[in-house]
């Protein structure tokens, strides 16, 4: 499967998945498509497999970056809400859209799998050089557009830049995977905003 086909499939999966989520209230089709495409890439793409070799340093950097990102989120969120009060409602609406009151354990499992799949797809296959960090972040944000949430699109862009820079700096997907998983679990499961 060519890189262009993989990009098109990733875009279709996210765009269609968010349309399905908004219409039927479940993220499971997006989850299934994301995991299947990530598993395919992890199994068949030598560059992706190479970036998925675990390393203690990459995991440690990912944990440290995740702690920084989590701390920054909890410090900056109240300031952002003061500057733009509708943000709190937007965030609550987004959490409701994504998880519809599912049990925390189910949300945690979903978040871990989706975060990992997103990193394999968007920071693994699409990020090919330093110059591709910005275009990959733009693409990552764009495929969240059908969620209907401007907040999610903005977060996807900012986080895509951060996770892309991490993956680029270390050469390992484990750095961005660990950081992404830690941040998502913290703000969506452990102590939601």
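Residue numbers (my numbering): 4 to 196.
Heads up, the beta-carbon is just placed ideally off N, CA and C, and yes, glycines get one too.
Computed from a predicted model, the values in this text were never measured in an experiment.
Note the first and the last residue of the continuous alpha helix (DSSP H) segment covering residue i.
i: residue 183; result: 176-188
i: residue 158; result: 153-173
i: residue 69; result: 59-86
Please state the DSSP three-state secondary structure of residue i.
i: residue 29; result: coil
i: residue 104; result: coil
i: residue 134; result: helix
i: residue 49; result: helix
i: residue 126; result: helix
i: residue 194; result: coil
i: residue 110; result: helix
i: residue 4; result: coil
i: residue 94; result: helix
i: residue 38; result: helix
Out of curiosity, what's the CA-to-CA distance linking residue i and residue j?
i: residue 15; j: residue 63; result: 33 Å
i: residue 72; j: residue 186; result: 7 Å
i: residue 33; j: residue 20; result: 4 Å
i: residue 79; j: residue 195; result: 14 Å
i: residue 23; j: residue 29; result: 7 Å
i: residue 147; j: residue 163; result: 12 Å
i: residue 156; j: residue 59; result: 32 Å
i: residue 8; j: residue 51; result: 16 Å
i: residue 83; j: residue 90; result: 7 Å
Taking all protein chains shown into account, do 16 or more other C-beta atoms lie within 10 angstroms of the C-beta of residue i, making it buried, or fewer, making it exposed?
i: residue 61; result: buried
i: residue 168; result: buried
i: residue 5; result: exposed
i: residue 125; result: buried
i: residue 27; result: exposed
i: residue 189; result: buried
i: residue 118; result: buried
i: residue 114; result: buried
i: residue 197; result: Residue 197 lies beyond the range of the chain shown here (4 to 196); nothing can be said about it.
i: residue 183; result: buried
i: residue 95; result: exposed
If you measure from the beta carbon of residue i to each beta carbon in chain C, is any gap under 9 Å?
i: residue 32; result: Reference to chain C is not applicable here, since this structure consists of a single protein chain.
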